[in-house]
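Participant: Structure provided below as structure tokens; questions to follow.
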Amino acid sequence: MLIRKSIQRIYPYLVNKTPLRLSTQVRNLKICNKETDRGRKILENEEWLRFGNTNNSNIPPYQSSSLKNQNQLEDVSNSAENGHVLNEPIVFISKSDFKENWELKFIEASRITVRQVKGLLVDKYDMFSPDQLLLLFKSLESYQDTYNMHELSVILLPQLNKFNGNSKAFQELLVTILRVEYKLKKYRICEHLFSECIKYPIKNPVIYRIGLNSFIENDNFHLANGFYIQALESPDIFPLTTKELFSFLLKLYEFKDLYSMERIFIQWLKKKCDKNTPSEHDPTTNILSLMHRAYRNYGTDGEFQEFLENEYVNKLRYSETLQFKCTEFLTDLYEKEEYENDITKKYEDSIALFGLLENLPAQKRGFYLALLNSAVKHNDFEFVKLLSQEMKKDNLINFGASYHLIVSEHFAKNGHINELLTYFNELVLQQEDSCVRLSPQQVLTFRDCLVKKYPILTREIHNELKTIITKPVYYEKIGWTISTDRDLSKLISYRALGGSQYMVPYLNHVDYDRFLNFSKLIKERKIAEAKLSLTDIFQRNLKPSFNLCFMLFRLSIQNNFRILATIIDDYLRQCQNDIPISMKLLWLRNDVLGSQKSIASTTETSKFGLKNKKSMRWVEVENFSRNNVNSLNFTSYIQLSKISILLKNYSLASEFINKAFSKMDKKNEMNWASYYLVSLWKSTVTLNQKQFLNQLKEWNKNQNGNFITQGHLRRIKQYSTFFSKRSNYIDNYDPNLDFEIKQEVEYLAERFVDYKFQGLNDIKRTCDILDKWLEKQVNEKEQKLKSIKAFNKIKYNKNN
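If you read the sequence shown in the UniProt record's numbering, its first letter stands for residue 1, the second for the next number, and so on.
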């Protein structure tokens, strides 16, 4: 018990969690009524749940809507805060009453029964006992009814202190609720439930996995590490196995945090393993392979070699295993020159490894899927086709939905929405016996495909997909729609060409919350708080992703907060010794154009001095291009051409535009739009009327130039009026060319309308398929449930 109390002291639940005022909680909880969507807002906004043990009490000061008025609520809260048991006697429904009126209903767990139970729990002091509630939860769990389990949990959580914690049924009920909340990604609730579970002698490894992972998902690595160390010190109280270690490391791997993985791994070796004697706690091959991938992907060659030479790893002879060979092959496949343009060698070496794995079907399946995923990631379509053919030949392995998800990611990566819709229409909707289930990852893949094809419709895509998955029938019958709804709510708006655009941030939810907090401070120009926010992000033990760092850097430098940009720059240089070319370009633009404005505003500068300083800026840009030539890509050259135009060095701008064209992916519609826009801009400022017209005509003829936005049109219309306004400065100005330009702009506007209409149509087609797929899934589930419930009823009647 002393150890458990010391564990509980690790959790400073009040840090950064100011409790809501009681009146606010009451208002928030009033939405719990008897409608089917009651509590929806509470389910999605977990702010009602506040943690804290006042006066070292083991009873958290929960607040609940189960009482009829605020005075009663305050009485309960005050009693709990003082560590006292409620004054009112707890009246449980008697066993005979339960047997007669409720037991069969709890076994069937109908929607009506759940609604009745919610009403009783909310409105009365009469309570079901833990073993009675456990029966209902177990029934709902067997029917995969996570929605109603969650709604019941929301009502029950504030009332946990009414139960006898020593009851085995109560402890099992806690674990059951914990499992369902984790499945729904309600990590704050999970963190709270985990703190409840460890008060009792529940030796269920599942709760340790969920607890550790929930800490990570809540950006509380220091709490996860604190519990982990205590668990290693007290194995009799908290018996961790290699499954918990693998789960913990895998969660950190998802966050690309090699440093934290290494710490956790080394601590395990020191506390759990012996250098000479084999043990059940020795890291499994899967754990070693995971560390192997982490070092190869996020570490240095020296760090990887040090891992292999570790005396514990050496003892296990990992480098002699098949898994080592497979992991090395996966890493080398798109890094070594020998595989770069030799698809035959890639295929033959893959087949050789498949042969070695012939008697290990689980490992062979994993290797197949990992190879396929790697090929899709690198857009290696020829290798994808070869692997798919090989996988179809292997009748002994069921690849299931994982295979279809990876294939669909290939379509999404390239914006092939027609192919994606056709693929799943034939696979799922045209086959009555299809066992492929729609998953949250698959919904997001459809989203990614549409966004890739129609980035200007990002907000519309999200809104329409949300409309489908939040239909009450799906929201209640398919549990993962709740968390997917939240994923589809993650959008970032930005200003582009005089209008607002939306983008998918592709950040994990921890980094997404960090970005929102930082951008809010930037918007409010609270620089001191923003610096503290960066310090918090960089000094936390959970490493921020590079995507987050780049977004924070870009936001800082675009708002001219150089001090913030410098902090981020310094952090990245410490982590990876250098910064990417995209960040260097942002620095260049800020430095060169900032000094350009400074020169322009200096009235005392002579013409000679002004020209000299301008030429210095030109030289700076040219030197940047020369020094980074091996790192420059299409986007880099487009940025350099824009900087050159702003510096009025048009010959240099033309040179960069030509280099951008040579680097361009000619199938990428957004690349074409960037190329045409900067070309038209240069033609405008150089008053080259004929060139401007020819570029517009070329854009209108280009079948891959369909990416057109309202902002593009607005900017091009502004350019097109420039020639008539500056006609006195144009040699051989031709008003007829202006008329042709106007016609081409109108045609481009028509293409924009067609592009947007086509996009809206494809969104509708996608939503129709998802709707039918979900409807089919719900119907199949209902049919299966009828059989299960009928069997349970027969079994109950036979026993009674």
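For every residue, glycine included, the Cβ atom is placed at its ideal position computed from N, Cα and C.
This structure is a prediction, so every number in the text was calculated from the model and none was measured.
If I measure Cβ to Cβ from Glu-529 and keep anything under 6 angstroms in the same chain, skipping five residues before and after, which residues do I get?
Facilitator: Hits under 6 angstroms: Leu-521.
Participant: In terms of alpha-carbon separation, which member of His-410, Ile-343, Phe-424 and Pro-235 lies closest to Arg-765?
Facilitator: For the residues His-410, Ile-343, Phe-424 and Pro-235, the minimum Cα distance to Arg-765 belongs to Phe-424.
Participant: At the level of alpha carbons, what is the spacing between Ile-198 and Lys-272?
Facilitator: Approximately 21 angstroms, taken between the alpha carbons.
Participant: Helix, strand or coil, according to DSSP, for Ile-492 in the structure here?
Facilitator: Strand, per DSSP.
Participant: Between the Cα of Ala-294 and the Cα atoms of Phe-752, Glu-311, Phe-515 and Phe-324, which residue gives the shortest distance?
Facilitator: That would be Phe-324, whose Cα lies nearest to the Cα of Ala-294.
Participant: When you compare only the Cα positions, how much space is there between residue 811 and Met-149?
Facilitator: Any property of residue 811 remains undetermined from this structure, which presents the chain solely from 1 to 800.
Participant: Taking its Cβ as the centre, do 16 or more other Cβ atoms sit within 10 Å of Met-583, making it buried, or is it exposed?
Facilitator: It counts as buried.
Participant: Going by other Cβ atoms of all chains shown within 10 Å of its Cβ, with 16 needed for buried, is Leu-532 buried or exposed?
Facilitator: Flag for Leu-532 reads exposed.
Participant: In the region 228-282, which residue ranges form an unbroken alpha helix (DSSP H) of at least 4 residues, counting only runs that do not cross its ends?
Facilitator: Counting only runs of 4 or more, we get 242-254 and 258-272.
Participant: Using DSSP bridges, identify the partner residues of Tyr-502.
Facilitator: For Tyr-502, which the question treats as bridged, DSSP gives the partners Ser-493.
Participant: I think Phe-246 touches Leu-290, with their Cβ atoms under 8 angstroms apart; what is that distance to the nearest whole Å?
Facilitator: Indeed they touch by this definition, with Cβ atoms about 7 angstroms apart.
Participant: Grab me the residues of Arg-40's own chain with a C-beta within less than 7 angstroms of its C-beta, minus the 5 sequence neighbours each way, in chain order.
Facilitator: Because Arg-40 sits at a pLDDT of 39, beneath the cut-off of 50, its placement in the model cannot be relied upon, and the following sentence gives the value as read from the coordinates. So the list is empty, once near-sequence residues are dropped.
Participant: Which whole-angstrom value describes the C-beta separation of Leu-647 and Trp-618, a residue pair presumed to lie in contact below a C-beta threshold of 8 angstroms?
Facilitator: The Cβ separation is near 6 angstroms, so the contact holds.
Participant: Classify Lys-795 as helix, strand or coil using the three-state DSSP reduction.
Facilitator: Reduced to three states, the DSSP call for Lys-795 is helix.
Participant: Could you give the first and the last residue of the continuous alpha helix (DSSP H) run that contains Phe-707?
Facilitator: Note, Phe-707: premise wrong, no alpha helix (DSSP H); not H, not E.
Participant: With a cut-off of 8 angstroms on the beta carbons, I'd call Tyr-175 and Val-206 a contact; round off their distance for me.
Facilitator: The question names Tyr, but residue 175 in the sequence shown is Val. So it is a contact: roughly 7 angstroms between Cβ atoms.
Participant: Which residues in the same chain have their Cβ closer than 7 angstroms to the Cβ of Ser-350, if we skip the five residues on either side of it in sequence?
Facilitator: Cβ neighbours of Ser-350 beyond the five flanking positions: Leu-371.
Participant: If you measure between the beta carbons of Cys-549 and Ile-568, is that distance less than 8 angstroms?
Facilitator: Yes, the Cβ-Cβ distance between Cys-549 and Ile-568 is below 8 angstroms.
Participant: Lys-251: buried (16+ other C-beta within 10 angstroms of its C-beta) or exposed?
Facilitator: It is buried - the Cβ of Lys-251 has at least 16 other Cβ atoms within 10 Å.
Participant: Suppose contacts are defined by Cβ-Cβ distances below 8 angstroms. Is Lys-453 in contact with Ile-417 by that definition?
Facilitator: A contact, by the Cβ cut-off of 8 angstroms.
Participant: Quick check on Phe-307: does DSSP put it in helix, strand or coil?
Facilitator: Phe-307: helix per DSSP, three-state reduction.
Participant: Counting beta carbon pairs with one atom in the region 295-314 and one in the region 338-352, are three or more of them shorter than 8 angstroms?
Facilitator: No: fewer than three Cβ pairs fall under 8 angstroms.
Participant: Sorted by chain position, which residues of the same chain lie with C-beta nearer than 8 angstroms to Glu-358's C-beta, five sequence neighbours on each side aside?
Facilitator: Result list for Glu-358: Lys-364, in chain order.
Participant: Name, in chain order, the residues that DSSP records as bridge partners for Phe-92.
Facilitator: Phe-92 is bridged to Met-127.
Participant: Using only alpha-carbon positions, find the residue among Glu-419, Gln-431, Phe-255 and Gly-355 that is nearest to Asp-762.
Facilitator: That would be Glu-419, whose Cα lies nearest to the Cα of Asp-762.
Participant: Taking just the CA atoms, how far does His-378 sit from Tyr-334?
Facilitator: Answer to the nearest angstrom: the Cα atoms are 8 angstroms apart.
Participant: Quick one: any contact between the region 645-664 and the region 625-635, if contact means 3 or more CB pairs under 8 angstroms?
Facilitator: Yes, the region 645-664 is in contact with the region 625-635.
Participant: In chain order, what residues of the same chain have a beta carbon less than 6 angstroms from the beta carbon of Lys-789, not counting five sequence neighbours either side?
Facilitator: Glu-108, listed in sequence order.
Participant: Could you tell me the distance, in whole angstroms, from the CA atom of Glu-390 to the CA atom of Glu-348?
Facilitator: For Glu-390 and Glu-348, the distance between alpha carbons rounds to 12 angstroms.
Participant: If you check the beta carbons only, do Lys-275 and Tyr-312 fall under 8 angstroms apart?
Facilitator: Yes; because the gap between Cβ atoms is below 8 angstroms, this pair is in contact.
Participant: State buried or exposed for Glu-44, treating a residue as buried only when at least 16 other CB atoms are found within 10 Å of its CB.
Facilitator: Below a pLDDT of 50, predicted positions are generally treated as unreliable, and Glu-44, at 38, falls in that range; the measurement from the model is reported next regardless. Under this definition Glu-44 is an exposed residue.
Participant: In whole angstroms, what separates the C-alpha of Lys-784 from that of Thr-445?
Facilitator: Taking the straight line from one Cα to the other gives about 28 angstroms.
Participant: His-416 by DSSP, collapsed to three states: which one?
Facilitator: The answer is coil: DSSP assigns His-416 none of H, G, I, E or B.
Participant: Could you compute how far the alpha carbon of Phe-707 sits from the alpha carbon of Lys-701?
Facilitator: Each residue's Cα considered, the two are about 13 angstroms apart.
Participant: Specify the secondary structure class of Glu-35 as computed by DSSP and reduced to three states.
Facilitator: With a pLDDT of 37 at Glu-35, under the threshold of 50, the predicted position of this residue should be treated as unreliable, and no value is reported.
Participant: If you check the beta carbons only, do Phe-703 and Ser-679 fall under 8 angstroms apart?
Facilitator: The sequence shown places Gln at residue 703, not Phe. Their beta carbons are not under 8 angstroms apart, which means Gln-703 does not touch Ser-679 by this criterion.
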